[in-house]
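For reference, the structure is listed below as structure tokens.
Protein chains: 2
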Amino acid sequence: MSDVKGSAALRATLVFNLGTLGALAADRFAARVEELGLKPKHAGLLAALDAGSAASQQELAARLGVAPSLIVSLADQLQALGAVERLRDPDDRRRQVLTLTPEGRRLLSRCAEAAEAADAELAAGLDPDRRAALAEGLRALGARHVPH
Amino acid sequence: MSDVKGSAALRATLVFNLGTLGALAADRFAARVEELGLKPKHAGLLAALDAGSAASQQELAARLGVAPSLIVSLADQLQALGAVERLRDPDDRRRQVLTLTPEGRRLLSRCAEAAEAADAELAAGLDPDRRAALAEGLRALGARHVPH
DNA sequence: TATTGTTATACTCTATAACTATA
DNA sequence: TATAGTTATAGAGTATAACAATA
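These protein sequence lines map, in sequence, to chains U and B.
Residue numbers for the first sequence follow the working numbering, so the first one is 1 and each next one is one higher.
Residue numbers for the second sequence follow the working numbering, so the first one is 1 and each next one is one higher.
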């Protein structure tokens with residue numbers, strides 16, 4: 001056997017498959033949330049707010065792994081849709097505390113439905129046991145990469 | 001129980017986890033192939049050529065799911081690195097047939113090593129059985145989405 | 001006239017840097 | 001002086017459309 005790795009070696013890796021399938025999944029999901037006036041990053045922000053893991057925009061930027069200026073833009077758009085409120089933190093008036101509105105929770109619910117519909121399309125015909133194992137594996141892997 | 005889905009429902013989906021982990025994996029891989037002068041799409045093109053699944057630039061564009069004009073740009077850069085050759089198809093002189101050079105195969109091998117190194121980093125501490133199941137599940141899912 | 005590859009152009013996404021206000 | 005948020009600007013990446021060569 002040769003130690004020169006070809007395309008088969010690359011295709012066997014997690015990063016290659018996660019990268020290609022991730023782009024595919026993101027496109028499918030984006031197409032479905034587009035009619036809600038949202039992009040995937042909006043859904044990520046709504047989910048982070050619902051999970052209550054962060055409040056200030058700086059914390060959210062770190063959580064989502066994006067620049068603080070992008071949070072401003074995403075929050076502006078969600079606010080225009082009536083999905084979030086910005087409240088000045090009375091203890092530190094530099095901080096804007098973002099909170100979900102009922103409309104924001106409704107939109108998050110629609111995003112979850114969109115993701116489930118995209119799942120059904122993506123995994124159509126896949127063995128249910130294998131699909132469950134895949135979901136569990138992804139969840140376990142993702143849990144190791146939550147920003148602190 | 002409520003039928004209003006929150007962030008937990010979204011985080012349980014394949015598309016959400018594939019999307020977030022895919023972006024993470026792509027970044028890690030990109031950082032490692034950067035020193036080779038390559039981006040992930042270059043690696044994808046090298047792998048497609050090595051697999052022999054396509055020859056003309058139009059076929060490669062369809063295979064990778066990108067615009068034909070992007071193949072021109074990627075092939076230009078790979079040609080400048082001495083990784084691919086462009087040969088006019090004598091049967092149809094409109095066609096440019098791309099072929100890997102020895103240097104191209106060497107670069108592909110380095111890409112595979114970069115992906116394996118990124119895998120080790122990404123899956124560090126993950127149970128080996130779970131990791132194997134994950135790799136197998138991704139491979140099975142990806143096989144369902146190869147462009148025809 | 002249709003198709004392959006190429007070039008020219010424009011658009012989307014996101015980061016970096018400068019700025020304002022609060023601390 | 002340092003930090004949270006905002007605004008202004010710039011860069012990367014990629015698509016679309018116009019073009020040239022060949023069928």
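All C-beta atoms, glycine included, are put in the ideal place defined by N, C-alpha and C.
Here the structure is a predicted model, which is why all the values come from computation and not from measurement.
Cutoff 9 Å: residue i Cβ touching any chain B Cβ
i                       : result
aspartate 92 of chain U : no
histidine 42 of chain U : no
arginine 130 of chain U : yes
valine 4 of chain U     : yes
arginine 28 of chain U  : yes
valine 84 of chain U    : no
glutamate 34 of chain U : no
alanine 75 of chain U   : no
glycine 137 of chain U  : yes
leucine 46 of chain U   : yes
arginine 171 of chain U : Chain U is shown only over 1 to 148; residue 171 of chain U falls outside these bounds and no answer can be derived.
leucine 14 of chain U   : yes
Any chain U beta carbon closer than 9 Å to residue i
i                        : result
threonine 99 of chain B  : no
alanine 8 of chain B     : yes
alanine 55 of chain B    : no
aspartate 119 of chain B : yes
leucine 24 of chain B    : yes
glycine 37 of chain B    : no
leucine 78 of chain B    : no
Enclosing beta strand (DSSP E) for residue i [first to last residue]
i                       : result
glutamate 85 of chain B : 84-88
For residue i, the nearest candidate out of the options (CA to CA)
i                        : options                                : result
valine 66 of chain B     : U/Ala62, U/Leu18, U/Leu24              : U/Leu24
aspartate 3 of chain U   : B/Ala118, B/Arg105, B/Leu134, B/Leu141 : B/Arg105
arginine 139 of chain B  : U/Asp127, U/Ala117, U/Val84            : U/Asp127
aspartate 92 of chain U  : U/Ala61, U/Ala48, U/Ser56, U/Asp119    : U/Ser56
glycine 37 of chain B    : B/Ala123, B/Asp119, B/Ala114           : B/Ala114
valine 84 of chain B     : B/Ile71, B/Ala135, B/Thr101            : B/Thr101
glutamate 103 of chain U : U/Leu21, U/Lys41, U/Gly82              : U/Gly82
alanine 48 of chain U    : B/Leu18, B/Ser7, B/Ile71               : B/Ser7
aspartate 119 of chain B : B/Arg95, B/Asp76, B/Ser73, B/Ala26     : B/Ala26
lysine 41 of chain B     : B/Val15, B/Glu35, B/Gly125, B/Leu70    : B/Leu70
threonine 13 of chain B  : U/Pro147, U/Gly125, U/Glu121           : U/Glu121
proline 147 of chain B   : U/Leu10, U/Leu21, U/Lys5, U/Ala9       : U/Leu21
aspartate 76 of chain B  : B/Leu141, B/Gln96, B/Gly142, B/Ser109  : B/Gln96
leucine 45 of chain B    : B/Leu64, B/Phe29, B/Arg130             : B/Leu64
Start and end residues, alpha helix (DSSP H) containing residue i
i                       : result
leucine 98 of chain U   : Taken as a continuous stretch (DSSP letters only), leucine 98 of chain U belongs to no alpha helix (DSSP H), being part of the beta strand (DSSP E) at 96-100.
leucine 49 of chain B   : 40-51
alanine 23 of chain U   : 14-33
aspartate 76 of chain B : 68-80
leucine 60 of chain U   : 57-64
glycine 137 of chain B  : 128-143
alanine 8 of chain U    : 7-11
Exposure label - residue i; buried when at least 16 CB within 10 Å
i                        : result
histidine 145 of chain U : exposed
glycine 52 of chain B    : exposed
threonine 99 of chain U  : exposed
leucine 87 of chain B    : exposed
alanine 112 of chain U   : buried
glutamate 116 of chain B : buried
arginine 32 of chain B   : buried
serine 73 of chain U     : exposed
aspartate 89 of chain U  : exposed
alanine 61 of chain B    : buried
alanine 80 of chain U    : exposed
**Message:** By the 7 Å beta-carbon criterion, what residues does the region 57-73 of chain B contribute toward chain U?
**Reply:** none
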